[in-house]
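Take a look at the structure set out below.
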Amino acid sequence: TTFDIAVVPGDGIGPEVIAEARRVLQSVLDAASVAVTWTEYSLGAAHWVETGETLSEATLERLRGHDAILFGAVGADPQDTRIPSGLIERELLLKLRFSLDHSINLRPARTYPGTATPLAGDPEIDFVVVREGTEGPYVGNGGTIRRGTAHEIATEVSLNTAHGVRRVVADAFSRAAQRRGRLTLVHKHNVLTHAGDLWRRTVEEAAAEHPEVSWDYMHVDAATIHMVQDPARFDVIVTDNLFGDILTDLAAAVTGGIGLAASGSINVEGSAPSMFEPVHGSAPDIAGRQIADPTAAVLSGVLMLQHLGLAEPAARLEQAVHAQLAEWARDPEAARGLSTAQRGEALLARLG
Ligand code: NAI
Ligand code: MG
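Per full-length UniProt numbering, the very first residue in the sequence shown carries number 12; after that it's consecutive.
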């Protein structure tokens, strides 16, 4: 079989980091005799300025046909007044997420050799947040009445379905079973009683099927404290869309480095391709200068290989990243001033 990958380099540093990710992925796949084809799609702010397309139905249909999507970053320079604010987020990023039913946003949060966390004692951190991706308060289920008056009323109703919660919780339990066997449900069920009750019952039911996984419950406000004071306690966190959005940014901050944070937007049923991308954006402040760190894009590629069942090349690439970061941690002079491409080449050399 040939793996058929769509590549969306996007804007700014997106194309710079994706070029390196593609090279190292190609290298580990070649070594494992796995055939892969890459199809590049031009999408993003620059593409919109050129063509007026954010994401057409035709492009969406073509994307659906691939096994997975490797995504760089999209988004305009905020200084660029030609692009309406929020347009690309809504009509490209959110549209992809909802159209391809990316019900899970997967965010590993871990430290690597040489990464300095902002935390006391520089702890080793290795947990993963399984965030629900298509429901919660982000579905646009609300309205405004008496707008602009002193009696304006705005609602934003969180949507939680048994089906949506169950598939996320099931995925989180199977990940926990393959990791250290610990799962934490994060919610706020003391005040958000209806949704909280559904999440809690769903976790209890899944827990009965996974005796090898121990689980606990944490309120989201308490979770922010624990994530800063004792992040090593977490293995798998499962939570809703809004809490997950906030916790994953906090997780990226405590693990010390936007240049390293990878993510997967997963379609758990396999009815459409999942998408893998660095957490960072298009970084217009450093774009075009070959100084962006490609590691987050490479690690997103590792998540993609894992998702495609290519465990062996995934492990090889991940180990190469670890070894390279460890070497640069021992010899920071060697890493100083390396270009994006030189960082990719260092990995390629290590992969032999
Ligand atoms: P950003 O992540 O692009 O940049 C934040 C800061 O981190 C900047 O100082 C940047 O130079 C630095 N940085 C980011 N990635 C880096 C890397 N690989 N190596 C070294 N430094 C790195 O976030 P910002 O500035 O808020 O957004 C810029 C644009 O990106 C906006 O248009 C925004 O909408 C878009 N964006 C797109 C995302 C996506 O495609 N999923 C996610 C986040 C933002
Ligand atoms: Mg966010």
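Beta carbons: idealized from backbone N, C-alpha and C, even for Gly. Note that the structure is predicted; figures quoted are calculated from it, not measured.
For the alpha helix (DSSP H) containing residue 193, name the first residue and the last one.
Per DSSP, residue 193 belongs to no alpha helix (DSSP H); it is in the beta strand (DSSP E), 193 to 198.
Going by beta carbon distance, what residues of the same chain come within less than 7 Å of residue 301, once the five residues before and after it are set aside?
The answer, listed in chain order, is 27, 350, 351, 352.
Using a threshold of 7 Å, is the CB atom of residue 20 nearer than that to any non-hydrogen atom of the ligand NAI?
No; taking the cut-off as 7 Å, the Cβ of residue 20 has no heavy atom of the ligand NAI nearer than that.
Measuring straight from C-alpha to C-alpha, what distance separates residue 188 and residue 45?
About 28 Å.
Kindly examine the ligand NAI and report whether one of its heavy atoms sits closer than 7 Å to the Cβ of residue 269.
Flag set: Cβ of residue 269 near the ligand NAI.
Which term fits residue 147, buried or exposed, when burial requires 16 or more other beta carbons within 10 angstroms of its beta carbon?
Flag for residue 147 reads buried.
If you follow the beta strand (DSSP E) that residue 138 is in, where does it begin and where does it stop?
Segment 137 to 143, the beta strand (DSSP E) holding residue 138.
Let me check you understand the geometry: is the CB of residue 63 closer than 7 Å to at least one non-hydrogen atom of the ligand ADP?
Ligands present in the displayed structure are limited to the ligand NAI and the ligand MG, and the ligand ADP is not among them.
Based on the DSSP secondary-structure assignment, which residues constitute the bridge partners of residue 117?
DSSP, once it has assigned bridges, lists 141, 275 as partnering residue 117.
Give me the Cα-Cα distance between residue 218 and residue 199, rounded to the nearest whole angstrom.
Answer to the nearest angstrom: the Cα atoms are 19 Å apart.
Any chance the CB of residue 54 is under 7 Å from a heavy atom of the ligand NAI?
No, the ligand NAI has no heavy atom inside 7 Å of this Cβ.
Hey, how far is the Cα of residue 326 from the Cα of residue 185?
Going by the C-alpha atoms only, they are around 19 Å apart.
Given the structure, does residue 293 come close to the ligand NAI, in the sense that its CB is under 7 Å from one of the ligand's heavy atoms?
It does: the Cβ of residue 293 is within 7 Å (strictly closer) of some heavy atom of the ligand NAI.
In angstroms, rounded to a whole number, what distance separates the CA positions of residue 162 and residue 227?
Rounded to whole angstroms, residue 162 to residue 227 spans 42 Å at the Cα level.
With residue 7 as the anchor, note down where its alpha helix (DSSP H) starts and where it stops.
Shown here, the chain extends from 12 to 363; a query on residue 7 therefore has no answer.
Does residue 273 pass the burial test, meaning 16 or more other C-beta atoms within 10 Å, or should it be called exposed?
Residue 273 should be labelled buried.
Do residue 290 and residue 309 come within 8 Å of each other at the CB atom, strictly closer than that value?
No; because the gap between Cβ atoms is not below 8 Å, this pair is not in contact.
From residue 244 to residue 176, what distance separates their C-alpha atoms?
Looking at the two C-alpha atoms, the distance is approximately 24 Å.
To the nearest angstrom, how far is the alpha carbon of residue 249 from that of residue 165?
Using only the alpha carbons, I get a separation of about 28 Å.
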